[in-house]
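S.K.:
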Amino acid sequence: MSKILYSAEEKISVDEFASVLTRSTLSERRPMDSPETLQAMLENADVLVTARDDRGLLVGISRALTDFIFCTYLSDLAVDKDFQGLGIGKELIHRTHARCGLQTQLILIAAPGAESYYPHVGLRPHQSCWIVDRKPT
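Just so you know, the sequence shown maps onto residues 72 to 208 in our numbering.
#1: What number of angstroms, rounded off, separates the C-alpha of LEU145 from the C-alpha of SER84?
#2: Is the segment 159 to 170 close to the segment 100 to 115, with three or more CB pairs under 8 Å?
#3: Can you give me the start and stop residues for the beta strand (DSSP E) that GLN176 sits inside?
#4: Check the DSSP bridge columns for THR121 and list the partner residues they point to.
#5: How would you label SER133, buried or exposed, when you count the other beta carbons within 10 angstroms and need 16 or more for buried?
#6: For PRO190, I'd like the list of residues in its chain whose CB is within less than 8 Å of its CB, leaving aside the five on either flank, ordered along the chain.
#7: What did DSSP end up calling SER90 once you bin it into helix, strand or coil?
#8: Under a Cβ-count criterion, where at least 16 other Cβ atoms within 10 Å of its own Cβ denotes burial, should CYS200 be classed as buried or exposed?
#9: Taking its Cβ as the centre, do 16 or more other Cβ atoms sit within 10 Å of ALA79, making it buried, or is it exposed?
#10: Going by C-alpha to C-alpha distance, which of TYR188, MET103, LEU148 and LYS161 sits closest to GLY118?
#11: Exposed or buried, ASP252, counting other C-beta atoms within 10 Å across all chains shown (16 or more means buried)?
#12: Using DSSP bridges, identify the partner residues of ALA149.
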């Protein structure tokens with residue numbers, strides 16, 4: 072298995088982002104038919120932390136929104152299926168939280184089927200999350 076290199080990156084191409092979302096299955100819940108939306112998601116993120124193999128292939132990404140003092144919303148955590156089980160997701164969470172400030176409360180909404188993963192990497196469930204669904208534009 073190749074060495075994984077982690078980095079906080081300022082810019083990720085839409086193609087790379089879409090590719091890792093697809094290879095992770097997170098694409099099932101993202102607007103893959105709208106490259107403009109994916110681009111805006113990347114541009115408006117406060118923190119992007121990546122995991123790349125030794126060839127430079129993007130195999131994992133975390134995308135977070137934060138105020139750097141009180142809360143951090145980890146909106147996307149995607150790891151290529153071929154690289155899952157190696158601790159990459161856990162490391163992306165750790166590095167994202169550290170970059171945003173450990174004093175912030177890290178908040179994440181689990182993808183369906185991933186709920187059992189998060190306690191394993193140190194997150195605890197919260198029973199009082201409420202959402203307003205997106206409205207089509």
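Think of the CB as a built atom: it goes at the ideal place given N, C-alpha and C, for glycine as much as any other residue.
M.R.: Reading off the structure:
#1: Within the sequence shown, the letter at position 74 stands for residue 145. Within the sequence shown, the letter at position 13 stands for residue 84. Here the alpha carbon of LEU145 sits roughly 19 Å from the alpha carbon of SER84.
#2: Judged by Cβ distances under 8 Å, the segment 159 to 170 makes no contact with the segment 100 to 115, as fewer than three pairs qualify.
#3: In the sequence shown, residue 176 corresponds to position 105, counting from 1. Per DSSP, GLN176 belongs to the beta strand (DSSP E) from 176 to 178.
#4: In the sequence shown, counting from the first residue as 1, residue 121 sits at position 50. THR121 is bridged to SER78 and ILE132.
#5: Translated into positions along the sequence shown, residue 133 becomes position 62. So SER133 ends up on the buried side.
#6: The sequence position of residue 190 within the sequence shown is 119, counting from 1. Same-chain partners within the cutoff: PRO196.
#7: Taking the first residue of the sequence shown as 1, we reach residue 90 at position 19. If DSSP states are grouped into helix, strand and coil, SER90 belongs with the helices.
#8: Position 129 of the sequence shown holds residue 200. Under this definition CYS200 is an exposed residue.
#9: In the sequence shown, the residue the question calls residue 79 occupies position 8. It is exposed - the Cβ of ALA79 has fewer than 16 other Cβ atoms within 10 Å.
#10: Reading the sequence shown from its first residue, position 47 is the one you call residue 118. Note on identity: in this sequence residue 118 is Val, with Gly being the wrong assignment. Distance from the Cα of VAL118 is smallest, within the candidate group TYR188, MET103, LEU148 and LYS161, for LEU148.
#11: For the chain, the structure presents residues 72 to 208; residue 252 sits outside this window and is missing.
#12: Against the sequence shown, residue 149 aligns to sequence position 78. DSSP lists ILE132 as the bridge partner or partners of ALA149.
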